[in-house]
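In terms of the UniProt record's numbering, the sequence shown is residues 1 to 214.
Yeah, the Cβ is synthetic: ideal placement off N, Cα and C, and Gly gets one too.
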Amino acid sequence: MSDGSRLILALDLVDVGRALRMAQDISPHCFAIKVNWPIILHAGPQIIREISRFSRVICDLKLADIPNTNRLIVERVRELGAWGVIAHSFVGQDSLRAVVEAAGDMKVFSVVAMSHPGASDLLNRFHDMLIDISMKAGVYGFVAPGNNEAVLRQIRARAGGMKIISPGIGAQGGDEVSAVAAGADYVIVGRKIYQASDPVKVAMEIDQRLSMML
Ligand code: NUP
1 MSDGSRLILA LDLVDVGRAL RMAQDISPHC FAIKVNWPII LHAGPQIIRE ISRFSRVICD
61 LKLADIPNTN RLIVERVREL GAWGVIAHSF VGQDSLRAVV EAAGDMKVFS VVAMSHPGAS
121 DLLNRFHDML IDISMKAGVY GFVAPGNNEA VLRQIRARAG GMKIISPGIG AQGGDEVSAV
181 AAGADYVIVG RKIYQASDPV KVAMEIDQRL SMML
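Structure (structure tokens):
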């Protein structure tokens, strides 16, 4: 893992062997590796422990439950050695606070807007409220769309110095440099890397483009 990198790899592969090899090959060029339900359901939760041996792991579980259930899930994620966890904020301050409390030194990122077109139906109209709920709950940072510059800039303006991690790069139309210019601290990239013929090369290129912005 690279402390200075602004790249987070989204490891949404369902071939577990290939996913692990790719995680190992790309970890020197990225800040963290994000695991989501597809790989967790294929590999089992121990994949979190396995990747945590050589990288920061962010568990993108998008928790959206009552406080007690959120707490039970986060306690397990913490036991497995994750560095960070992603939760929804629309469920309210108490549910999110349960995540923050159970997380201990794990970083909690709350979703305050999303990158897919349907996010404009409802969620993305409420990012200011979701930021306020998240701040009151004590989160470490936010997930905000890297392919929606207007929304990302508004979120950055309200988020102050809090960390923003942004998906939507590549396959969803966003560009890593534009996303960082609009306010992202880190970009989350999946298919653009793991579907490339040379994933390590693409990851290194993204990492280098972003490091030139510093
Ligand atoms: O708004 C969001 N958009 C999004 O794509 C919030 C997310 N957490 N993600 C996740 O980021 C998505 O589930 C996937 O794991 C990753 C983006 O992958 P890709 O579009 O770069 O392949």
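### Query
At what residues does the beta strand (DSSP E) containing Gly17 begin and finish?
Unbroken run through Gly17 is the alpha helix (DSSP H), 16-26; no beta strand (DSSP E).
### Query
Is Leu11 helix, strand or coil by DSSP?
coil
#### Entry: Endpoints, the beta strand (DSSP E) within which Val35 is located
32-36
### Task
Tell me, please, whether the segment 152-161 touches the segment 116-125 by the rule of three or more beta-carbon pairs shorter than 8 Å.
no
### Query
Can the beta-carbon of Ser110 be found less than 8 Å from the beta-carbon of Ser95?
no
### Message
Please report the straight-line C-alpha distance between Leu130 and Gly92, rounded to a whole angstrom.
### Response
The alpha-carbon of Leu130 is positioned some 8 Å away from that of Gly92.
### Query
Considering Ala87, what are the terminal residues of the beta strand (DSSP E) in which it resides?
84-88
### Query
Does any heavy atom of the ligand NUP sit closer than 7 Å to the C-beta of Asp207?
no
### Message
Would Ile58 and Ile8 be called neighbours here (beta carbons separated by less than 8 Å)?
### Response
With contacts defined by Cβ atoms closer than 8 Å, Ile58 and Ile8 form a contacting pair.
### Query
When the Cα atoms are used, what is the spatial distance from Gly138 to Ala82?
For Gly138 and Ala82, the gap between their C-alpha atoms comes out near 19 Å.
### Task
Just mark Ser115 as buried or exposed, buried being the case when its beta carbon has 16 or more other beta carbons within 10 Å.
Buried, since its Cβ has 16 or more Cβ neighbours within 10 Å.
### Task
Kindly list the residues whose CB is nearer than 8 Å to the CB of Asp207, restricted to its own chain and excluding five residues on each side of it in sequence; keep chain order.
Ser2, Ser5, Arg6, Leu7, His29, Cys30
### Message
If the criterion is Cβ atoms closer than 8 Å, does the pair Val99 and Leu72 meet it?
### Response
no
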